[in-house]
Amino acid sequence: MRRGQAKHNITKTRSQLLARVVVQHAVKQSGEVTGTLVISADETLFTYRLPTVLRRFRLRYPGIRLMFRPLVNSNFKQSLRKGDADIVFMLDEHFYLLVAPDHPLAARTALAIEDFNGETFLLTAKGMGGITELEFISAAAIEQCSKIGMGIAILPEMAVTAEVNRGELVLLPWDLTVTSFATQMFWHEEKWISPAIEAFLNLTRDTFLKNSTLVK
């Protein structure tokens, strides 16, 4: 390890310890952590993954004001650098192909690429040239349209777990390992970690670990 890198790691560790001490001191002095926290994420995360976190956070830290800003592009580093957001969530999760129970492909135990010829894919973004597609801005809209048989949905695990368990959508036997991800949380390490940010980071990590689920 280079000297500069070692110094950076030591400084980073000291900053993290200092932030924890500040949180504990703030709670001890006033009885609660206060401040403002700006969170940025895309629509899918705000709809399916973050409500549990936000509810727990509000109950535990009622003195912290939460502000939400949609992540309109992938340039999250600029948002953090400019101070537009304190914490940014990025979607990085398992994706699946799903259809309605009465879809012709729903009962198949194996699929070949040719089986998708003529099928309509329901997407949240462009980029799959050569196929018939319907583009949406909402994962919830894709989910509903897939349920009524309008096409094959491509959605993250968190958006479809309940629907699959209830039998409203069927997972197709198609491996999307190359698009398997996890939810990622980013913050600016070179900026001071306020008590509000430190509290949110800790609670979010704890919540995600306790509520980790997989579509079976």
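The opening position of the sequence shown corresponds to residue 3 in my numbering, with each subsequent residue numbered one higher.
Glycine residues also receive a C-beta, built at the ideal position from the N, C-alpha and C atoms.
All figures in this text were calculated on a predicted structure; none of them were measured in a lab.
A direct Cα-Cα distance of roughly 45 Å separates Q80 from P106.
Within the same chain, Cβ atoms closer than 8 Å to the Cβ of G151 are found at V101, A102, D104 and H105, the five residues on either side in sequence being excluded. Per DSSP, reduced to three states, the secondary structure at L52 is helical. For T209, the CB contacts under 8 Å within the same chain, skipping 5 residues up- and downstream, are T54, V55 and R58 in chain order. Between F91 and L47, the gap from beta carbon to beta carbon is short of 8 Å. Of all alpha-carbon atoms in K84, Y98, Q186 and L61, the one lying nearest the alpha-carbon of L174 is that of Y98. Minimum Cα-Cα distance from I89 among the listed residues T185, V162 and K212 corresponds to T185. Along the length of the segment 141-198, whole beta strand (DSSP E) runs at least 3 residues long occupy 154-158 and 186-188, reported in chain order.
One Cα belongs to K84, the other to I115, and the distance between them is close to 45 Å. P197 sits close to V35, with the two beta carbons spaced by under 8 Å. The beta strand (DSSP E) runs of length 3 or more contained entirely in the segment 74-128 are, from start to end of the chain, 89-92, 97-101 and 122-125.
In this chain, the beta strand (DSSP E) harbouring L39 covers G37 to A43. Cβ atoms of I154 and E121 come within 8 Å of each other, at about 6 Å. Looking at the backbone, the Cα of E45 and that of P72 are separated by about 7 Å.
Around the beta carbon of M160, a 10 Å sphere encloses 16 or more other beta carbons of the protein chains shown; the residue is thus reported as buried. In this structure, the alpha-carbon of A112 lies about 18 Å from that of F123. Residue nearest to L211 within the set T38, S42, R51 and H190 is R51 (criterion: CA-CA distance). Across the structure, G169 and S148 are spaced so that their CA atoms are roughly 13 Å apart. For the pair V162 and E145, the CB atoms are nearer than the 8 Å cut-off. With a contact defined as Cβ atoms closer than 8 Å, L68 and W189 miss out at about 15 Å.
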